[in-house]
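Numbering (the numbering used here), first residue to last: 28 to 533.
Ideal Cβ placement from N, Cα and C applies to all residues, glycine included.
Scroll down for the structure; my scribbles are underneath it.
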Amino acid sequence: MEGRELHEAIMELARRRGFFWPSFEIYGGLRGFYTYGNLGTKLKRNIEKAWRRFFVDPHGFLELDTPVLNPLRVFKASGHLEHFKDVMVECLKCHRVFRADHLIEEEAGLEYVEAMGEEAIRRLLREKGIRCPECGGDLSEPQEFLTMFQTQIGPMGGEPGFARPEAAQGMFLNFKLGFHHARERLPFALAQIGKVMRNEISPRRGLLRLREFTIMELELFFDPQEGQCPWFKEVSDESVKLITEEMEAEGFKEPLEVTLGEAVESGYIKTEWQAYFMGVSKRFITYLGVPPERQRFRAHLPEERSHYSTQTYDHEVYLESWGWIEIAGHAYRTDYDLKAHQKASGVDLTVRRADGSRFLPHVVEPSFGLDRLVYVALEVAYRKRDGRTVLALPRWIAPIQAAVMPLVTRDGLPERAREIWSQLKDAGLTVEYEEKGSIGKRYARQDEIGTPIAVTVDYQTLEDDTVTLRDRDSWRQVRQEASRLPELLRSYINGEREFDELGRPL
RNA sequence: GCGGCCGUCGUCUAGCCUGGCUAAGACGUCAGCCUUCCAAGCUGAAGAUCCCGGGUUCGAAUCCCGGCGGCCGCACCA
């Protein structure tokens, strides 16, 4: 299965088994919003946990949880208000809509028109006599599209408020206190998992482009005079596929394959700090089940980059359904944000070096779209076996870690199975008890939601209290004492043991 | 926003062209029986605003118009 068919199969499975589905369906639906069900919520949580394990915990970075709604002055200072809008024009004859700045660039041969501001765009449209490139018709007056959601804070319409389009500003606004809590030493990072909103013109492709979604962001603060990242050596031998800015500009399609060490040396990646997180990023995505050959990093061209970034690499993953899609952005934000907030707020955000000099830290930011990762994990795991569906999710992110079932529903087998189920739950595992239908059907149901292990209570269990463990991917079985399951299954789920080590083969 | 395609139980589909019984089937779900390891079988049950609104007609899931929603392409994705 490939292409759209695969996407449709996953969307159907997601709805049928309760991973996710479109929101507001009883009111006719609304594009760009999805609701997670039980399995989807668990899968999402497990991916969050994995992210912390790779990005936050190893260096003791600090996590924050900051407001979604922000007052106007935050996004005025950050530049979002200025840059998060597009000026559009419509052809009065054929009704096609264009971005005004792109039109001017093409028709008048200018560059970076967006940065010139709205007034300049209006003026240029008039001065250059620009017409519709498709049909030559007259164009409408330029109109603004603000892609941030706006509301009023306070019941009587007090202050304009905006839903954040990224979580990062929360980290910059709280930099001072965060820095203090990190014992005032660089480098350190503030991280956040949270909802953000973007009023996309055209949300599409299920979880891949939403109007409200969850982002996992980390802002690493470092001294720009300190070029060496102390952790970089851990990943410098990691090889990555790169499409550099130059390659992008010249239209190269085949990526360069280099180690991160070489990429920094050659100047493809501007700082070790950013390169470090690109290496972690690759390992993280591999951990979610995406093979390295289906990953690459693609540089943004200057006009494609966000206003705050001086270098951005998108981490892309290859999907059978949609081709290469972006799942993370690695941006070098320099001191852009701290400088902006320092200026707008009047609060000193500089920190002190050992020699007494003061400076604004620089920032590199890895930023993941969690919902996209949920979809990617599902699609990459999706298999067909003998006409049945198997979700070969890595066991550490599987929503249900084990299913306990009696071989038949009589002779005391269900009772014993329920006891084992209870023990495993008490041991902190996410376990389901299942007795509907035949044993084969139950295995198939569990395969379809990616449960890695099935525990079956049979007649021998009544004699010697051993059970069979059945592997989702190979269908092999081993036998083990019930009392040892909590310990063994926990280490299996964590990846500390392989299936063969769980018992005697059958 | 433009263009193309589409919208029927939880899911997948039949019916629509050529208007006419209580909208059919499979899967799933529920109850019961059966069942000693890979979606077995039997009996019964529940489950559909046929996307919404209007029009045509004696009669609309079916024809017409409008809207909403979805998918794809273009544009957009800071």
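Could you check the C-alpha separation between residue i and residue j for me, to the nearest Å?
i	j	result
P251	G67	41 Å
E343	A355	7 Å
R410	A454	30 Å
M224	P433	46 Å
R412	L40	15 Å
E193	R79	18 Å
S50	R31	21 Å
F249	A471	51 Å
Y460	H129	58 Å
G414	K71	27 Å
G383	W300	24 Å
V435	Y54	43 Å
F56	T478	The residue asked about is misnamed: residue 56 is Gly in this sequence, not Phe. Taking the straight line joining both Cα atoms gives about 31 Å.
R422	A430	13 Å
L541	V458	Residue 541 is absent from the structure shown; the chain starts at 28 and stops at 533.
E154	Y345	44 Å
Does the distance from the C-beta atom of residue i to that of residue j stay below 8 Å?
i	j	result
M243	F125	no
A358	E330	no
G45	N73	no
A425	D500	no
P187	Q179	yes
A190	F199	no
T298	D398	no
I520	Q450	no
F386	A77	no
L33	E289	no
E227	F60	no
L496	I480	yes
R524	L512	no
S263	L287	yes
G205	L89	yes
L245	F82	yes
R503	T493	no
R443	V482	no
Here's the rule I'm using: 16 or more other beta-carbon atoms within 10 Å means buried, otherwise exposed. How should residue i be labelled?
i	result
T62	exposed
F279	exposed
H368	buried
M305	buried
Y303	buried
S518	exposed
H334	exposed
I371	Sequence inspection shows Ala at residue 371; the Ile mentioned does not correspond to that position. Classification for A371: exposed.
P532	exposed
S105	buried
V374	exposed
G350	exposed
Y402	buried
L405	buried
Query raised in the report: What are the uninterrupted segments assigned as beta strand (DSSP E) that are 3 or more residues long and contained completely in the region 180-234, given in chain order?
Result: Within the region 180-234, the runs of beta strand (DSSP E) that reach at least 3 residues and sit entirely inside it are, in chain order, 186-190 and 215-224.
Requested in this report: Inspect the CB distances between the region 163-182 and the region 209-222 and report whether three or more fall short of 8 Å.
Outcome: Segments in contact, no.
Query raised in the report: Of all the beta strand (DSSP E) runs that stay within the bounds of the region 399-466, which reach a length of 3 or more residues?
Result: Along the region 399-466, the beta strand (DSSP E) occurs as fully enclosed runs of 3 or more residues at 409-412, 415-418, 429-433 and 458-460, listed in sequence order.
**Report entry** Entirely enclosed alpha helix (DSSP H) segments - the region 37-81, minimum 4 residues
**Finding:** Runs of the alpha helix (DSSP H) lying entirely within the region 37-81, each at least 4 residues long, are 65-78 in chain order.
**Report entry** Cβ contact (3+ pairs, closer than 8 Å) linking the region 257-277 and the region 226-234
**Finding:** Contact annotation: the region 257-277 does not touch the region 226-234, with fewer than three C-beta pairs closer than 8 Å.
Requested in this report: Check whether the region 89-97 touches the region 250-270, counting contact only when three or more Cβ pairs, one atom from each stretch, lie closer than 8 Å.
Outcome: No, the region 89-97 is not in contact with the region 250-270.
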